[in-house]
Amino acid sequence: MAVRTAVRDLRPADWPAVARIYAEGNATRNATFETEVPRWAEWDAAHLAEHRFVAIDEGDVLGWIALAPVSGRCCYGGVAEVSAYVAETARGRGVGTTLLEKVVSSSERDGIWTLETGVFPENEASLALLKRFRFRELGVRERIGKLDGVWRDVVFLERRSEVIE
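In structure tokens, the structure reads:
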């Protein structure tokens with residue numbers, strides 16, 4: 725069953741819900757190498773203010789998405805990394821699609837020509853969603869990092885804008 729969601733800018737007051745959803749993703753051990761949720765100030769400083777959104781339904785935050793710069797060098801000013809998490813209770817119900825639509829639109833509006841992300845190969849749902857949005861697999865970064873003492877691979881994907889020349 726699809727969830728009827730609204731998407732709005734992520735606000736500092738959303739952080740407790742965002743952090744809870746982030747922690748749920750961390751707990752799966754298939755979302756990120758991170759094992760702890762950062763504090764708001766650290767997360768806030770690392771993400772682009774114009775490109776962070778929450779999906780809400782009846783006041784509840786169901787998921788979030790945000791872009792982070794990949795480099796401080798000006799030549800990479802149009803390249804951003806995507807992070808997205810959906811609450812455990814809302815997974816498989818269209819929340820990720822809604823959030824990704826919003827961030828693709830906002831990124832292209834602001835001249836971001838490439839979105840990139842890394843996904844564990846075991847995270848099949850995320851890979852399928854990204855491919856529906858024309859993210860293409862560039863390769864697998866084998867044994868790129870350890871999680872819980874185990875080497876993990878990461879599928880590296882990118883989406884090039886078709887509207888920015």
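Numbering-wise, the sequence shown is residues 725 to 889 according to this note's numbering.
Glycine residues also receive a C-beta, built at the ideal position from the N, C-alpha and C atoms.
- Excluding residues up to 5 positions away in sequence, G820, T821 and L824 lie with their Cβ nearer than 7 Å to the Cβ of L853 in the same chain.
- W875 is classed as exposed because its beta carbon has fewer than 16 other beta carbons within 10 Å across all chains shown.
- Here A849 is exposed: its Cβ has fewer than 16 other Cβ atoms, across all protein chains shown, within 10 Å.
- Residue pairing by DSSP puts P793 in a beta bridge opposite A804.
- Inter-residue distance for F859 and E774 is about 21 Å (C-alpha atoms, whole angstroms).
- Taking all protein chains in view, the Cβ of T759 is surrounded by fewer than 16 other Cβ atoms within 10 Å, so the residue is classified as exposed.
- The Cβ atoms of I745 and Y800 do not sit closer than 8 Å to each other.
- The alpha carbon of V843 has as its nearest neighbour, out of V828, I836 and R865, the alpha carbon of R865.
- Membership of G820 in the alpha helix (DSSP H) is indicated by the continuous run V819 to R833.
- If the five residues before and after N847 are omitted, its C-beta is found closer than 7 Å to the C-beta atoms of N754 and A755, all from its own chain and listed in chain order.
- A direct Cα-to-Cα measurement between W764 and K855 gives close to 30 Å.
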